[in-house]
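Q: Handing you this structure, nothing more for now.
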Amino acid sequence: MNYVSFSLLYIRRCAVCYYELFNVINYLPVPNSSRSSSIILRTLNLVGETKTRSGFISYTQDMNLGFVIGVLGVLILSHAAYSTIQYRGLLKITEEEFSGPPLNVVLELIVGLALCMWAALTFPGKFLSIHPDSDENRAVSLPDNTDFMIFNHRGRLFPPEITMKF
Amino acid sequence: MGSPEKRSKDVVMRDIPTFSAENLQKNLKVIQNSRTFLSIIAGVLAGIIGFTGLTGFVFYFVVMLITSVGLIAKAGFSADLYFDSWNRVLFDGFLGGLMSFVLFWTYPF
């Protein structure tokens, strides 16, 4: 077969391989650092967070609700802005001064402000505790290089400094 | 342990406070995002209502105070659990949001 068709076949085969590899890799759990973790860690699935390799963290329901409410608040505010602009145009026709937006716009603004405030406090995420010994900061993931760690040294004879929580 | 934390040896004489720096940075990012978003919303609001001059800045500080109260309520009225000092919760993103506020206050309207 000639050179062009062979190279095309080779490219297509590489592309299929990379595509399948990409699909497989995206569903493996992510190791904790850029160095690859051991196979034992992966099979035991000891990695803490659930992230795909592209870095997309699964949103909680609270953040989704905050996002929807934020979008709703922004929509209400933009509607209020549009009606205010129309009102100002009307005032320009009748040559009066703009003292303040009409009452329904003020109501819309208050509602929009309340919704946006609620969304701004919930959407960016929850506060994480910074104490190292709180319940949600438990170290449930082992370090990466457990292949080279030795555990039967003489440290096992000392009393443990921290109380281990299981 | 797996998560990156500030290590400290607990010497009997001095006790250096330890906290998880990664979580502290995440919390600071949360506050900053909240404040930036709300300063933009405050700017749009000030432009719609038609504040001019000092009234607008007063409005901005009012909105920032309300966000401070909201953030403190979100942190459960105890800054020790999530931050290392109260100043961070109260005064972190004030001046940074001021620029966004003025931009959205004057530009569309």
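Residue numbers (my numbering), protein chains in the order written: chain D, 999 to 1164; chain L, -7 to 101. C-beta atoms are modelled at their ideal positions from N, C-alpha and C, and glycine is treated no differently. On a predicted model such as this, the values are computed, not experimentally measured, just so you know.
#1: Shorter than 8 Å from the beta carbon of HIS1129/D to some beta carbon of chain L?
#2: State the Cα-Cα distance for the pair LYS101/L and LEU73/L, rounded to the nearest angstrom.
#3: Give me, in chain order, the residues of the same chain whose beta-carbon lies closer than 8 Å to that of GLY1087/D; leave out the 5 immediate sequence neighbours on both sides.
#4: Could you list which residues in chain D have their beta carbon closer than 9 Å to that of PHE29/L, in chain order?
#5: Restricting to Cα atoms, I'd like to know which of LEU63/L, ILE40/L and THR28/L is closest to PRO1099/D.
#6: Taking only runs that begin and end inside the stretch -1 to 58 of chain L, name each unbroken alpha helix (DSSP H) of 4 or more residues, in chain order.
#7: Under 8 Å by Cβ, that's how I've got ALA1079/D and SER26/L pegged, so tell me the actual separation to the nearest angstrom.
#8: Is ALA13/L near the ligand ZN, judged by its Cβ being under 7 Å from some heavy atom?
#9: Pull up the distance between the alpha-carbon of ILE1074/D and that of THR10/L, whole angstroms please.
#10: I'd like to know if LEU1088/D contacts chain L, where contact means its C-beta is closer than 8 Å to some C-beta of that chain.
#11: Nearest to VAL54/L by CA position, among ASN79/L, LEU90/L and LEU20/L, is which residue?
#12: Buried or exposed, going by whether 16 or more other CB atoms sit within 10 Å of the CB of GLY1068/D?
#13: Determine, for ILE64/L, whether the minimum Cβ-Cβ distance to residues of chain D falls below 8 Å.
#14: Could you tell me whether the Cβ atoms of PHE1125/D and ALA67/L are closer together than 8 Å?
#15: State yes or no: is the beta carbon of LYS1/L nearer than 8 Å to at least one beta carbon in chain D?
#16: Which value, in whole angstroms, describes the spacing of the CA atoms of VAL36/L and GLY48/L?
#17: Applying a beta-carbon distance threshold of less than 7 Å, which residues of chain L neighbour PHE1125/D?
#18: Indicate the three-state DSSP secondary structure (helix, strand or coil) for LEU1105/D in the structure shown.
#19: Comparing the C-beta of VAL105/L with each C-beta of chain D, is any distance below 8 Å?
#20: Do you know how far the Cα of GLY62/L is from the Cα of GLU14/L?
#21: How would you list, in chain order, the residues of chain D whose beta-carbon sits under 7 Å from the beta-carbon of GLY88/L?
A: To lay it out plainly:
#1: In the first sequence, residue 1129/D corresponds to position 131, counting from 1. Yes, because at least one Cβ of chain L sits closer than 8 Å to the Cβ of HIS1129/D.
#2: Within the second sequence, the letter at position 109 stands for residue 101/L. Within the second sequence, the letter at position 81 stands for residue 73/L. A small fix is needed here, since residue 101/L is Phe in this sequence, not Lys. Each residue's alpha carbon lies about 42 Å from the other.
#3: By one-based count along the first sequence, residue 1087/D stands at place 89. Answer for GLY1087/D: no residue qualifies.
#4: Position 37 of the second sequence, counting from 1, holds the residue named residue 29/L. Taking a Cβ-Cβ cut-off of 9 Å, the neighbours of PHE29/L in chain D comprise GLY1068, CYS1114, ALA1117, ALA1118, PHE1121 and PRO1122, given in sequence order.
#5: Residue 1099/D sits at position 101 when you count from the first residue of the first sequence. That would be ILE40/L, whose Cα lies nearest to the Cα of PRO1099/D.
#6: 13 to 41
#7: Along the first sequence, one-based indexing puts residue 1079/D at 81. Along the second sequence, one-based indexing puts residue 26/L at 34. Actually they are not in contact, since the Cβ atoms of ALA1079/D and SER26/L sit about 22 Å apart, beyond 8 Å.
#8: The ligand content of the structure shown is nil, which means the ligand ZN is not present either.
#9: By 1-based counting over the first sequence, the position of residue 1074/D is 76. By 1-based counting over the second sequence, the position of residue 10/L is 18. Looking at the two C-alpha atoms, the distance is approximately 45 Å.
#10: Here residue 1088/D corresponds to residue number 90 of the first sequence, with the count starting at 1. False, the Cβ-Cβ gap to chain L never drops below 8 Å.
#11: Against the second sequence, residue 54/L aligns to sequence position 62. Minimum Cα distance to VAL54/L is reached at LEU90/L.
#12: Taking the first residue of the first sequence as position 1, residue 1068/D is located at position 70. Flag for GLY1068/D reads buried.
#13: On the second sequence, residue 64/L is found 72 positions in, with the first residue counted as 1. Judged by the 8 Å Cβ criterion, ILE64/L is not in contact with chain D.
#14: Locating residue 1125/D in the first sequence gives position 127, where the first residue counts as 1. Locating residue 67/L in the second sequence gives position 75, where the first residue counts as 1. The answer is yes: Cβ separation under 8 Å.
#15: Taking the second sequence and counting its residues from 1, the one referred to as residue 1/L is at position 9. Its pLDDT being 44, under 50, LYS1/L is placed unreliably in this model, and the value from its coordinates should be taken loosely. Closer than 8 Å: no.
#16: Sequence index remark: in the second sequence, residue 36/L carries index 44 (1-based). Sequence index remark: in the second sequence, residue 48/L carries index 56 (1-based). Roughly 11 Å separates the two Cα atoms.
#17: Within the first sequence, numbered from 1, the residue matching residue 1125/D stands at position 127. Chain L residues near PHE1125/D: ASN19, VAL22, LYS66, ALA67 and TYR74.
#18: By one-based count along the first sequence, residue 1105/D stands at place 107. The answer is helix: DSSP assigns LEU1105/D an H, G or I state.
#19: Residue 105/L falls outside the range modelled here, since chain L spans only -7 to 101, and no answer is possible.
#20: Here residue 14/L refers to the residue found at position 22 when the second sequence is read from its first residue. Here residue 62/L refers to the residue found at position 70 when the second sequence is read from its first residue. Looking at the backbone, the Cα of GLU14/L and that of GLY62/L are separated by about 23 Å.
#21: On the second sequence, residue 88/L is found 96 positions in, with the first residue counted as 1. Chain D residues near GLY88/L: none, gap ~15 Å exceeds 7 Å.
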